[in-house]
Structure formats: structure tokens, C-alpha cells
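Visitor: My structure is below; once you've seen it, I'll send some questions.
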Amino acid sequence: MIRSSLFVILEDLLFPPRCASCGARLSVPAGTRLCLGCKDEIQAVSSPFCSICGDPFKSRAGVNRTCGRCLKALPFFEKARSFLVYSGPVRELIRRIKFHDDGHALRALKEIVEESFGRPACNGDAVVVPMPLHRARLIERGFNQSLKIALQLFPKKMINRAMLKRIRNTPSQTGLSMKDRERNVRGAFVMGHYKCPPDKVLLFDDVFTTGATVNEAAKALKRGGVKRVEVLTVARAVRW
15 MIRSSLFVIL
25 EDLLFPPRCA
35 SCGARLSVPA
45 GTRLCLGCKD
55 EIQAVSSPFC
65 SICGDPFKSR
75 AGVNRTCGRC
85 LKALPFFEKA
95 RSFLVYSGPV
105 RELIRRIKFH
115 DDGHALRALK
125 EIVEESFGRP
135 ACNGDAVVVP
145 MPLHRARLIE
155 RGFNQSLKIA
165 LQLFPKKMIN
175 RAMLKRIRNT
185 PSQTGLSMKD
195 RERNVRGAFV
205 MGHYKCPPDK
215 VLLFDDVFTT
225 GATVNEAAKA
235 LKRGGVKRVE
245 VLTVARAVRW
């Protein structure tokens with residue numbers, strides 16, 4: 015143990031650690047993967063938010079309640095929750111994981127979640143299903159970032175990477191309106207055939223933007239026989 019600690023200190027002295035988000039040099043020994051400036055910028059998603067879709071309300075007064083959009087049309091999932099606001103260092107960490115397969119950023123994101131919220135709780139009978147990529151996108155990128163993050167946060171035995179398939183290689187959702195996003199992902203997912211499908215699935219993704227993608231995925235799971243779908247994402251784009 016002493017030898018291991020001395021090795022870490024020596025490694026930090028020879029190769030000074032840098033912040034996984036902004037790249038600033040960290041104090042030695044670092045003991046963390048983020049600088050204090052980036053840590054201070056991180057925001058948790060906090061109440062009041064919609065009790066169904068989890069979207070935070072602009073007004074910070076009041077309690078959790080159902081938002082107007084969910085009152086107008088209930089989503090296919092029972093509830094959605096997110097840990098962090100998708101901005102600043104969190105956005106940069108996810109970008110580095112998604113486009114550069116950055117292991118340093120991946121471990122930093124895990125540390126943020128576990129330090130702030132503890133290890134995500136999930137009932138023993140629930141199955142964790144990471145949001146799948148289309149085969150062509152998976153070949154192009156080489157990995158699924160949602161699966162990578164899920165493996166950091168959940169026991170491997172709880173994760174089912176084959177239950178949900180993306181059968182349409184849809185264009186990027188960036189810049190699309192809510193209606194266009196819904197149209198873009200329509201029919202994009204299918205659930206594999208299960209003689210006894212699980213009662214509950216925790217659908218996991220990196221970012222919740224408008225909810226169009228997770229809602230379409232939840233619809234496929236419901237059609238496949240899943241009774242309850244809950245959504246959990248690392249981050250959420252706040253629209254105000």
C-alpha cells in the first residue's frame with residue numbers, strides 16, 4: 015500500500031495531472047481529476063422539476079409537479095431524472111468522452127456523480143439498458159458512450175446491451191425543433207423478442223435534451239412488453 019501511494023506521488027511529480035475538463039495543471043498530489051474552478055461551475059439538477067419528465071421549472075419557487083407538456087401528452091416512460099445540468103465542465107467532459115474516448119474525462123464524470131449523489135440506486139429486479147447506437151454509427155465511432163458511462167456507474171450484471179436495438183441511422187438531432195426531433199427518431203428503435211420481458215427497465219443515456227429520443231426508445235420497450243420504463247441521464251439541457 016505504501017509503495018503504491020509513493021508511486022502515485024512520484025507519477026504526479028513527473029507527469030503533473032491536469033484537469034479533465036479545462037486542462038489546467040492540478041496541485042500535486044491532485045486527489046481529484048477536476049480543478050476547483052471547474053468543480054465550482056458544476057450544477058446539479060434540483061427541485062422544483064416536473065414529477066414525470068424531470069424538466070426543471072424556471073421559477074425556483076414551489077414543489078415538484080407535472081409540467082404543461084406532460085399534462086398535454088404523457089410520455090411513454092413513467093419518469094425521467096438527470097444528475098447534472100448540461101453546461102460548462104459537464105458538457106466538456108461528455109464531449110471528450112463521446113468524440114475522443116477520453117478515459118480521464120470518463121473517470122472524472124464518474125467521480126462527480128458518485129461524490130455528489132452516491133452510486134446510483136437501482137432495484138435488484140430492474141434492468142439497465144444503455145441507449146444504443148445504430149450499427150453504422152457504432153462502427154464509425156468504435157464505442158457507445160452511454161454504455162461506457164453505464165459500466166462506470168452500475169454493476170455489469172445489471173446492464174443489458176442487447177435488449178434495445180437502433181434500426182434506423184438517423185441524422186443528428188442538433189439544431190432540430192422538438193417536432194422535427196420527434197419525426198427524426200420515429201421508428202428508430204425495436205426491442206428484441208423476449209418470452210418473459212422484464213417488468214421494469216432503467217433506460218440510461220448521457221444527455222437528456224428534449225426527450226424525443228428516450229421517449230421513442232421507451233415506446234419500443236413498452237411495445238416489447240416492458241411494463242415500466244424509467245429514464246436516467248447523466249446530464250440535462252436546461253431550456254431556460
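Each residue of the sequence shown is one higher than the one before, counting from 15 in my numbering. All C-beta atoms in this analysis are idealised placements derived from N, C-alpha and C, irrespective of residue type, glycine included.
1) In chain order, what residues of the same chain have a beta carbon less than 6 Å from the beta carbon of Met-145, not counting five sequence neighbours either side?
2) Taking the DSSP output, what are the residues bridged to Lys-93?
3) Going by DSSP, what residues sit across from Lys-214 in a beta bridge?
4) Please report how far the alpha carbon of Val-143 lies from the alpha carbon of Val-204, in whole angstroms.
5) In angstroms, rounded to a whole number, what distance separates the CA positions of Leu-98 and Arg-250?
6) Mind reading off the beta-carbon distance from Val-215 to Val-141? Whole number of angstroms is fine, and I expect it under 8 Å.
7) Rounded to whole angstroms, what is the Cα-Cα separation between Ala-75 and Cys-210?
8) If Leu-12 sits next to Ile-163, beta carbons under 8 Å apart, how far is it from one beta carbon to the other, in whole angstroms?
9) For Ser-101 and Gly-238, what's the separation of their Cα atoms in angstroms?
10) Three-state secondary structure (DSSP) at Phe-157?
11) Look up Asp-139 in the DSSP assignment and say whether it is helix, strand or coil.
12) Nearest to Gln-166 by alpha carbon, out of Asn-174, Leu-123, Leu-178?
13) Indicate the three-state DSSP secondary structure (helix, strand or coil) for Cys-64 in the structure shown.
14) Please work out which residues of its chain come closer than 8 Å, Cβ to Cβ, to Leu-190, disregarding the five sequence neighbours upstream and downstream, and give them in chain order.
15) Should Arg-17 go down as buried or exposed, given a rule of 16 or more other Cβ atoms within 10 Å for buried?
16) The alpha helix (DSSP H) spanning Phe-113 covers which residue range?
17) Just to confirm the assignment: which complete alpha helix (DSSP H) runs, minimum length 4, are found wholly within the stretch 169-214?
18) Helix, strand or coil for Asp-54? Go by DSSP, reduced to three states.
19) Do you know how far the Cα of Pro-212 is from the Cα of Lys-241?
20) So is Phe-222 buried or exposed if we call it buried at 16+ other beta carbons inside 10 Å?
21) Using DSSP's beta-bridge definition, name the partner residues of Asp-219.
22) Express the C-alpha separation of Glu-125 and Gly-117 in angstroms, rounding to a whole number.
23) CA-CA distance, Thr-184 and Val-245?
Guide: In short:
1) Ser-160, Asp-219
2) Glu-244
3) Arg-242
4) 13 Å
5) 6 Å
6) 5 Å
7) 44 Å
8) Given that the chain is displayed from residue 15 to residue 254, the structure contains no residue 12 and the question cannot be resolved.
9) 35 Å
10) coil
11) coil
12) Leu-123
13) strand
14) Asn-198
15) In this prediction, Arg-17 has a pLDDT of 49, which is less than 50 and means its spatial position is unreliable; what the coordinates show is noted afterwards. Exposed.
16) 102-114
17) 192-199
18) helix
19) 8 Å
20) buried
21) Thr-247
22) 12 Å
23) 21 Å
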